[in-house]
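Adding 951 to a residue's 1-based position in the sequence shown gives its number in the working numbering.
Heads up, the beta-carbon is just placed ideally off N, CA and C, and yes, glycines get one too.
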Amino acid sequence: MTSTLFVKGKSPKISNGHKLLLAFFLWGSFLSFSQTTLWSENFSYSNGTTSGTATGPSASSWTTDRGGSLSVQNSELRARNLGGMGTWQVNAINITGYSFISFSMDTRVNDPNRMDDGQDYFIGEYRIDGGSWLQFENASGSNSDPLNSSYTVNIPTSGNSTLELRVRMYNNNNNEQYFIDNVTVEGVSGICNGEIDFEFYDGVPSGSTVDNIPTTGALGSGTYTSFDVNNLQNQEDPGDTDSFGIRYKGYLQIDTAGSHTFYTSSDDGSKLYIDGVQIVNNDGNHGNQERSGSVTLSVGLHDIMVLFFENGGSSNLAVQYQGPSISKQNIPFSKLYSNCGTTVNDLDGDGIDDTTDVDDDNDGILDTDECGGLGGSFVQTATNIRNFTNASNAEGAPGTTFAYNPISTYPGSSSILLLRFPEAIPVGTSVSVFVGADPAVTDTDMQLQRSDAAGNSNGWIANADNTAPGSIREVTFTVSGSALEYLRVEAYQVGARVYGASYAGAFDCTTMDTDGDGIPNYQDLDSDGDGIPDNVEAQTSTGYTAPSGTDANNNGLDDAYESGGIAYVDTDGDATPDFLDTDSDNDGANDTTEAALSLSGSDSDNDGLDNNMDTSTDYSDPGGTIDDPTTTSGGSLMLPDSDGDLGSGGDLDFRDDINNGNQPPSVTATGDQIFCPGNTISVVESISITDPDSSTLDAVFVQITSNYDNTGDLLSLTGSHPSIAATWSSSEGRLTLTGPATLAEFEAAINAVVFQTTATVASGDTRSFSIVLDEANYLASTGHYYEYVPALGITWTNARDAAALRTFYGLQGYLATISIQDESDLLGSQAPGAGWIGASDAALEGDWYWVTGPEAGTLFWRGNAGGTAFAYSFWNTGEPNQSGDEDYAHITAPGIGLPGSWNDLSNTGAASGDYQPKGYLVEYGGMPGDPAGPNLAATTTITVDPTAPTASAPAPLTVYCSDDIPAADVNIVTDEADNCDPSPTVTFISDASDGGSNPEIITRTYRITDASGNTFDVEQTITVDPFTIDTQPSDQNIIVGNNGSFSVSTTGIDTYQWQVSTDGGSNFVPLADGPDYSGTSTTNLTVNSPDLDKNGYIFRVLVSNSTASCTALTSNQATLNLKVGTVITNRKVTYRVNKN
């Protein structure tokens, strides 16, 4: 006979399958029972077999009555062409001593299309102790009346002796076939049906909460057959009706898997737990009221606990449920079981049963912290986005408190509450959101939406419309598409309430097994399996407190750790406590190695602690061989502190990210270069990494530490580097190279990191790069290291204290102080949200001092906005403004005013939004007693090309008039060149005249500009030298018959056109060479032997240059005057007689 003892399973782990077998999940070992397979048949017989005997401690035989038509075929029982009723009959199975029986079988038909409704049938039946047969199925197996693929039947059987099974079947065709297989009967002992265990305590629990109902000293205990608290009170403490508490414990039988809703109506307080998880919270002093909660349950038995207290006045308790095929009703006691008075479990032997023991394994850490309560499968933070009040009420395990929007007056828009879970919930996980409506409203509509950290809607998930007033409603959905971290609840009417949310696995003690050794954390003395006991690893190295061995209040927690258990340490701040973290300091070396432990790999007493570290065969010594890790007192094992800095800001090696056993690496680099815009450039020209005790690194960080422009600057890794992954953070300007990889591989990768930018840069601009071999960022101008630590909602004082606890290779941390622009640029780029820095005016209002680090006590500002600066400051516009006791400085969130600027806030900051603290900035370096800083960083700087381009001046140009000055043409510059820019730009700048007229000198300027903004000017000289008439024509007086001549002298002229006016100068016509005129297109015009009729003709000439477009010049006018001479004719000879 095989049996399984189930003890303290604090949460269900439900498996799905076609065949639902009975599963048991117990919360607390106040109940224990055995589950046994009594009878099992899989028909592994030869074909044609008509009878057989099952296996198991209650094995009995079975028979059939239709010969080969109802017989074994291929390891199944087949009924084919029976031609009459055939019966498969199981003889009586002995179930004596079992309180609960479950039987199951698989069934099928050959072809549902062949089965005839109303004629064929399959009737499954069972009976107890020879009583009446009870049907569990009656179907034909057709498509319209199908068989299930499997059946499971649960039967309370306390006091019964036998179980019989039979299946009656009918079909009449070879194609009509029924099959039966895998028939199993299982029995459960150690529980009693129809009752529940109780503990009755006299008096009101402290604080008027059921959580404080005592765990020892009950006035009475035993079993009871109802939740009638008044009758039970009269039984246990007659006459005293006003103050008492009751703890009910037992098992609940679930017959159909699915979501079940539980209710308690009570006066006064009550709570209901299923499998150790609080489902209903109806706690506190109040009149009768109902509260509810839902949970998905598998078929079988589940532990149930109901807590109740009465504090005067009337008293009552009703416990109800509803679920698949169950209408809302009181939980029938036919579905409840007690423990029948069996012995409770006490894992650590402290005399406190595990049900009430808050620390089952005696390690000083509360079970809730070891079972998943550290992060919790609930809402971690709830933030009001719009119109919600008391947002934090929706955080943690959903209870009776709630966030709510206005009740009576619509706020003018929908109301939005942002819920954030402690992790990105994986796809396929079931999530439950608990909402409600105020009793004063009719109903309210809500919608569940995906969201981001800013509260933006990223798509619909589910509706919660028509939520009834006064109700608590569970809305369940399954995560699909991608993991879910942020959930947005949007309410469209007044009166909306949000109680919180949870997802599968909440406080699942049975499956929370960090080291995978099969022992749940709450029963494991070394939950992460690193050899350091949880009791030691959860405490600080220098603050170890040994257990006292006493437990005055009998709650299972040693008095040395009251109240609340050990406040566990998380050295590396990764949200995983050291006792669950195998690399507590996140330095890449596991804790076992750094603690110099030699483990056997065996755990003989199954308490989770390796044999070499264990001193007992039970849970009596949770510190094992170590206890106080800093001393060998009492023979304990002292853990190493290689660099001896435990008392000076350091820690033991497994918590110290620098120690003599792990010397820091060192890096040097060259690479101050000229940068050509538009190109890529390597951030280094050479790089060398050395490490005296390691050939590998986990990560290298390359950051733009000065003049970073997040609108266009980019660092990227080029080439193939199989061992290294690159991640770019645009908010920080940092490229993370993640290994692990060899030093040589990291050197090759750093050599392949290039910078480029699409941002506007100018000649002489610089970018500085730091190459850092650790998480912190390095600034060459200060020689200090810096890191941003995310911590949503942290106060300034807590951030100051947390920063002071951080070290970096021996350098003491402090809230950053910003004294130069470089620091401001770096830290402003690092902070993705409001980040605390080390400035305050709390000591004297308006006097802002640096109050942390080596600059503590330095006054840098006095007054509000517009005040007096005594040192570097970078307040945002209008800040500081002392708006409500704002005495502490932080770097503003991105998008709020000047990037990286400062603002003043109260110690807590805002509860949500841009002024909610998102973390703090830590600086390392400059503190008294600091060792020489590690050479973990190298810096290089690139300078935007400062060299001007070159070009030749265009050839000079002479023109005769302004009309002939050519338009500016950049193409006249033909040999522009630049050391960086292959195509520098040529632009026309100006024409400058000297103001002259004959000639006029014009200086034309062209500018050549490269991509860096460097410029070079070239000049072209343009001379305007106009053509002229130097000597004008003059009047001519001639004797008729003689030639007349007119002439001009000119400069710059090559074209002449003489004209004549015969009307006294009113009109001129051009002349052409002929009998009357010659030289009409030259400087000299000849009038050939003019007659007297040309007397008084007026002549002029038009002159121009054929190469110019200038207007022709017109000469002065000149007149031709003709005279006639006196003559005498004698004997046919004519004589001219001169005057006188």
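For the pair of segments examined, the region 2053-2061 was found not to touch the region 1895-1908: the number of CB pairs separated by less than 8 Å stays below three.
By the criterion of at least three beta-carbon pairs nearer than 8 Å, the region 1218-1231 is not in contact with the region 1115-1131. For the 9 Å CB-CB criterion, S1140 and I1106 do not form a contact. Put simply, of N1045, I1044, A1030 the residue whose alpha carbon is nearest the alpha carbon of T1038 is A1030.
Going by beta carbons, I1959 and V1937 fall inside the 9 Å limit.
Distance from the Cα of T2033 is smallest, within the candidate group T1427, D2027, V2052, G2016, for V2052. Cβ neighbours of F1626 within its own chain (closer than 6 Å, five residues either side excluded): I1632, I1893, V1895. Note that the C-beta distance between Y1450 and T1351 is below 9 Å. Here E1636 is exposed: its Cβ has fewer than 16 other Cβ atoms, across all protein chains shown, within 10 Å.
For R1751, the enclosing alpha helix (DSSP H) begins and ends at 1747-1755. Pairing N1099 with E1088 gives a Cβ-Cβ distance under 9 Å. With a contact defined as Cβ atoms closer than 8 Å, R1448 and V1386 qualify at about 6 Å. The criterion of a C-beta distance shorter than 9 Å is not satisfied by N1854 and G1846. CA-to-CA, the gap between G1629 and C1931 works out to about 10 Å. Proximity of the region 1866-1880 to the region 1735-1754 meets the contact definition, three or more beta-carbon pairs being nearer than 8 Å.
Secondary-structure assignment with DSSP links K1222 through a beta bridge to N1232, L1258. Rounded to the nearest whole angstrom, the C-alpha separation of G1227 and L1252 is 13 Å. Note: M1878 is not bridge-paired with any residue in the DSSP secondary-structure output. Note on G1406: 16 or more other CB atoms within 10 angstroms of its CB, so buried under the neighbour-count rule.
Non-local C-beta neighbours of F994 in its own chain, meaning closer than 7 Å and more than five positions away in sequence, comprise V1023, S1026, E1027, L1028, D1132, ordered along the chain. Proximity to F1706 across F1697, S1719, E1696, A1650 peaks at S1719, based on C-alpha coordinates. By the Cβ rule, the region 1205-1215 counts as touching the region 1273-1285, because three or more pairs are nearer than 8 Å. The way I'd put it, the region 1657-1675 does touch the region 1695-1709; three or more beta-carbon pairs between them come closer than 8 Å.
The three-state secondary structure of P1275, taken from DSSP, is coil. By a beta-carbon distance limit of 8 Å, N2035 does not contact S1985. Their separation comes to about 12 Å.
Listed in chain order, the non-local C-beta contacts of A2069 below 6 Å within the same chain comprise P1984, S1985, D1986, F1997, F2050, local neighbours out to five positions each way being set aside. If you look at F1821, you'll find it isn't in any alpha helix (DSSP H); DSSP assigns it neither H nor E.
The three-state secondary structure of N1537, taken from DSSP, is coil.
With fewer than 16 other Cβ atoms from the protein chains shown falling within 10 Å of its own Cβ, T1717 counts as exposed.
At the C-beta level, D1579 and A1497 come within 9 Å of one another. Taking all protein chains in view, the Cβ of Q1070 is surrounded by fewer than 16 other Cβ atoms within 10 Å, so the residue is classified as exposed. Non-local C-beta neighbours of S1646 in its own chain, meaning closer than 7 Å and more than five positions away in sequence, comprise T1693, L1694, ordered along the chain.
Residue range 1435-1442 is occupied by the beta strand (DSSP E) that includes L1435. Counting along the chain, the unbroken alpha helix (DSSP H) around N1182 starts and ends at 1180-1187. When the beta-carbon positions are compared, S1289 and E1146 come within less than 9 Å of each other. With contacts defined as CB atoms closer than 9 Å, R1198 and Y1129 fail to qualify as a contacting pair.
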